[in-house]
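J.: This is the structure I want to talk about, given as C-alpha cells.
Chains as they are written, first to last, in my numbering: chain D, 1 to 271; chain S, 1001 to 1113.
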C-alpha cells in the first residue's frame, strides 16, 4: 500500500513507482460534509442520505491534477481511441516533428507491456508507462502518481495515451484540457453512434489513416455527420500519420491549445 | 467493464462514510444510474458483490434506481424522453437535443447499522 495517500494499487503498476517507499504526493484526501439524516442512536438500522457522485473521488483527483497543470502552464491532452487506430504512430510522428519547438512528455496507458513507452522514448521524448492490469482505463489517481515519476517541464505539452477502448475512458476525467479521439478510416463510419459517450466527451476528432481511403468504402462525410450528431461542437481534422497529410492542421490546433493553456496559467497567477 | 472501478469508487465512498458517520455494516445501497450514463447495470450488480467482499458493505443489497434520459428540443422546445444520446426529437425529428437528465451516477442512500 502507498504510505502517503494510502492507496492500494491493485494490479496497476507505474514504471519506477514503488508503493513501499515514501514519495512526494501532491494529492490529499477529500473530506465531504454530508450530514446524516438521522443521529446515531440505538435503532438497529438507519437510512443515510448520501447523494454523492460515484466518480467524486476520481473527479477530486482530476481537479488536483488540473490545478497542477494550470499552475505550471502545461497543456494536457487525453488521447482516446479503440485499439489499432494508429494512436501511438500519430503520437511518435507528432513528437518527432515538434520536439525541437515544444517541450513534450507522454504518459502511456496499456493493460500490459512497456512497448509503447519504449516506442515513445525512441523519439527522444520522455515517457512513463502505466500498466492497468485488467483495468480498462486510466484514472486521475494513477496519472497523479505517474506525474511524480515523469516530472514534465513547465509550459510543456503532456500527452496521456489512454488504454485503447472507446467506452470506459469517457467517464474518467484525468485533469486534461481536452480529450482527443482518434478514429481510423479502417474502423467504420458509424463508430461515433456506436460509442456516443466518447465522441460526446471529446473536443477534437482526428480521422486517421486517410491515405487508405482509396481502398475503402468509408464515408467520411457520414462519419463526421454522426460525430456532430452526438457532439455538435466537435472539431474534426483528417490526417494520415504515416503519409503526413493534415498533420500541419493538427499541429496548428495543438499550438493554439498550448497558447490557451499558457494564457490561462498567466491569468491564474494574476488572479 | 469500467463498472468494476465504478464499484470500487462506491465502496471507497461508503468506507469514508462509515468512518465519518460511525457505522460498521451496510445493509442496502441505493444507486441512481442514468440511462445515458454508459453504465451496464447488470455488470454493476455483478461487480458490486465481488468488490464489496470484506468491506463494510459485504453482502449488502444493491438497489439500482434507473433514471430515464430526458432532453429538451431546442427546435420545438418540447421536453422529451430519450434512450440514447444521439436520439432525434420524437416530436419534430430535430437533433441534437439538450440532455437534462439521465447522465447521473450517484450513491443516493445507505441503510446502515
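Glycine is no exception: its CB is placed at the ideal position from the N, C-alpha and C atoms. Just so it is clear, the structure is predicted and the values come from calculations on it, not from any experiment.
Would DSSP call residue 183 of chain D helix, strand or coil?
T.: Strand, per DSSP.
J.: Is the shortest distance between the beta-carbon of residue 137 of chain D and the beta-carbons of chain S less than 7 Å?
T.: Interface annotation, residue 137 of chain D: in contact with chain S, CB-CB separation under 7 Å.
J.: Helix, strand or coil for residue 286 of chain D per DSSP?
T.: An answer regarding residue 286 of chain D cannot be provided, because it is not within the stretch 1 to 271 covered by chain D.
J.: Which whole runs of the alpha helix (DSSP H) in the segment 56-88 of chain D are 4 residues long or more, in chain order?
T.: Runs of alpha helix (DSSP H) with 4 or more residues, each lying fully within the segment 56-88 of chain D, are found at 56-71, listed in chain order.
J.: Between which two residues does the beta strand (DSSP E) containing residue 204 of chain D stretch?
T.: 204-208
J.: Quick check: is the beta carbon of residue 1040 of chain S nearer than 7 Å to any beta carbon in chain D?
T.: no
J.: Going by other Cβ atoms of all chains shown within 10 Å of its Cβ, with 16 needed for buried, is residue 1077 of chain S buried or exposed?
T.: Exposure of residue 1077 of chain S is indicated by the presence of fewer than 16 other C-beta atoms within 10 angstroms of its C-beta.
J.: For the beta strand (DSSP E) that contains residue 1081 of chain S, what are its first and last residues?
T.: Where residue 1081 of chain S is concerned, the enclosing beta strand (DSSP E) stretches over 1079-1082.
J.: Using 10 angstroms around the beta-carbon of residue 256 of chain D, count the other beta-carbons present and answer buried if the total reaches 16, otherwise exposed.
T.: exposed
J.: So for residue 146 of chain D, helix, strand or coil by DSSP?
T.: helix
J.: Could you name the residues of the segment 1070-1098 of chain S whose beta carbon sits closer than 8 Å to any beta carbon of chain D, in the order they occur along the chain?
T.: 1084, 1085, 1086, 1095, 1096
J.: Taking CB distances under 7 Å as the criterion, tell me whether residue 1034 of chain S reaches chain D.
T.: no
J.: State the Cα-Cα distance for the pair residue 1100 of chain S and residue 125 of chain D, rounded to the nearest angstrom.
T.: Note on geometry: alpha-carbon atoms of residue 1100 of chain S and residue 125 of chain D lie some 43 Å from one another.
J.: For residue 1058 of chain S, list the residues DSSP reports as bridge partners.
T.: Paired residue(s): none; residue 1058 of chain S is not in a bridge.
J.: Quick one: is residue 1020 of chain S buried, meaning 16 or more other Cβ sit within 10 Å of its Cβ, or exposed?
T.: Exposed: under 16 other Cβ atoms inside 10 Å.
J.: Examine the Cβ distances between the segment 146-155 of chain D and the segment 1016-1035 of chain S and report whether three or more of them are shorter than 8 Å.
T.: no
J.: Rounding to the nearest angstrom, what Cα-Cα distance links residue 31 of chain D and residue 187 of chain D in this structure?
T.: Residue confidence is low: residue 31 of chain D scores 38 on pLDDT, short of 50, so the model does not pin down where it sits. Its coordinate-derived value is still stated next. Each residue's alpha carbon lies about 44 Å from the other.
J.: Using only the alpha-carbon positions, how far apart do residue 15 of chain D and residue 177 of chain D sit?
T.: 24 Å
J.: Report buried or exposed for residue 1069 of chain S, applying the criterion of at least 16 other Cβ atoms within 10 angstroms of its Cβ.
T.: Buried: at least 16 other Cβ atoms inside 10 Å.
J.: Can you tell me whether residue 115 of chain D is buried or exposed? The criterion is at least 16 other CB atoms within 10 Å of its CB, across all chains shown.
T.: By the neighbour-count rule (16 or more Cβ atoms within 10 Å), residue 115 of chain D is not buried but exposed.
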